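Residue numbers for the sequence shown follow our numbering, so the first one is 294 and each next one is one higher. Here a beta-carbon is modelled for each residue, glycine too, at the ideal position from N, C-alpha and C. Please read all numbers here as calculations on a predicted model, not as lab measurements.
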Amino acid sequence: MTTCKNCSFYFAVPENAGDFEAGKGDCVIEKEDAKGKYWLSKPTRNDSPSCKAFKTA
């Protein structure tokens, strides 16, 4: 089974961040519309099952 930590959109929370927890990270996906580029971010855990946006590097 693939998990979030294997996805190129997954970014772990740095250890020096105020909200650091082991295994905690963010799923950050770049989108684009008529106004320009923007990023969608949602909190996730590295052991969560991958979603339909899963992409390897």
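DSSP places alanine 305 inside the beta strand (DSSP E), whose first and last residues are 303-305. Within a 10 Å sphere around the beta-carbon of serine 343 sit 16 or more other beta-carbons, which makes this residue buried.
Counted as a single uninterrupted DSSP element, the beta strand (DSSP E) harbouring aspartate 319 occupies residues 317-326. Taking C-beta separations shorter than 8 Å and ignoring five residues to either side along the sequence, the partners of glycine 318 in its chain run Cys297, Lys298, Tyr303, Phe304, Ala305, Val306, Pro336, Thr337, Arg338 and Asn339, following chain order.
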